[in-house]
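In what follows, a single structure is set out as structure tokens and then discussed.
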Amino acid sequence: MPVKAEKFNDFSYNGRSIIKKNYSKIPGIYLWVNNVNSRCYVGKSINLYLRFSKYLSPSYIKGNKTKMAICSAISKYDIDNFTFYVLETFDRDIVSQKYFSEKENFWYQNIKPSYNIQSIIDPFSGSNHYRFGTKLSQEIKSKIALVKLLKVD
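According to this note's numbering, the sequence shown is numbered sequentially starting from 17.
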């Protein structure tokens with residue numbers, strides 16, 4: 017069965033209301049497309065509306081623009097130059113985290129989004145992770161050492 021993505025590019029109060037009504041507390045895979053340069057971002061959320069609304073929050077964009085390429089792009093081009101797609105939704109009571117991640121990876125592999133800076137399969141490793149190469153403070157290293165000492169197998 018072919019998938020028909022739902023497209024949104026009206027981020028006014030009325031446009032947001034439609035997304036809230038249809039996708040509040042609904043898990044799914046989403047896509048942001050920059051209408052200026054066609055670059056895109058694939059993501060997933062257990063609450064599509066809540067995740068969507070974060071991208072409309074100036075404080076969220078400002079706080080994440082050095083960590084997330086999509087936030088940097090929204091800051092640079094403005095949200096009105098983007099289109100939001102809901103690619104796929106899931107039944108909250110049945111979807112497993114593993115299946116959810118596999119579906120996100122399916123879309124990632126097929127779309128090859130350029131704003132995703134992390135691998136979806138192994139998201140917190142490698143040089144593409146925003147914390148790669150950062151040095152831990154001595155205080156944090158001491159806390160990690162203490163936790164390792166206290167850990168009982």
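Glycine included, every Cβ here is placed at the ideal spot set by N, Cα and C.
Residue from the options with nearest C-alpha to residue i
i, options, result
"residue 46", "74, 105, 37 and 80", "105"
"residue 126", "56, 31, 93 and 113", "56"
"residue 129", "44, 35, 54 and 40", "54"
"residue 32", "42, 66, 60 and 48", "66"
"residue 48", "41, 116, 90 and 77", "90"
"residue 122", "68, 44, 96 and 97", "44"
"residue 114", "35, 62 and 41", "62"
"residue 83", "92, 133 and 68", "133"
Residue(s) in a DSSP beta bridge with residue i
i, result
"residue 57", "48"
"residue 98", "50"
Whole-Å CB distance - residue i paired with residue j, under 8 angstroms assumed
i, j, result
"residue 101", "residue 22", "7 angstroms"
"residue 99", "residue 51", "6 angstroms"
"residue 58", "residue 118", "Contact flag wrong, Cβ pair sits at about 13 angstroms."
"residue 85", "residue 131", "4 angstroms"
"residue 81", "residue 75", "Rounded, the Cβ-Cβ distance is 11 angstroms, inconsistent with contact."
"residue 42", "residue 64", "5 angstroms"
"residue 60", "residue 116", "6 angstroms"
Reduced DSSP category for residue i - H, G, I as helix; E, B as strand; rest coil
i, result
"residue 23", "strand"
"residue 131", "coil"
"residue 103", "strand"
"residue 88", "helix"
"residue 142", "Note that residue 142 scores a pLDDT of 45, beneath 50, so its modelled location is shaky; the value from the coordinates is reported in the next line. The answer is coil: DSSP assigns residue 142 none of H, G, I, E or B."
"residue 83", "coil"
"residue 64", "helix"
"residue 77", "helix"
"residue 108", "coil"
"residue 69", "helix"
"residue 40", "coil"
"residue 28", "coil"
"residue 33", "helix"
"residue 137", "Its pLDDT being 49, under 50, residue 137 is placed unreliably by the model, and nothing is read from it."
"residue 169", "Its pLDDT being 42, under 50, residue 169 is placed unreliably in this model, and the coordinates cannot settle the point."
Chain D contact for residue i (CB, 8 angstroms cutoff)
i, result
"residue 85", "In the displayed structure, chain D is absent; only one protein chain is listed."
Inset, instruction - Check whether the segment 101 to 121 touches the segment 25 to 33, counting contact only when three or more Cβ pairs, one atom from each stretch, lie closer than 8 angstroms. - result: no
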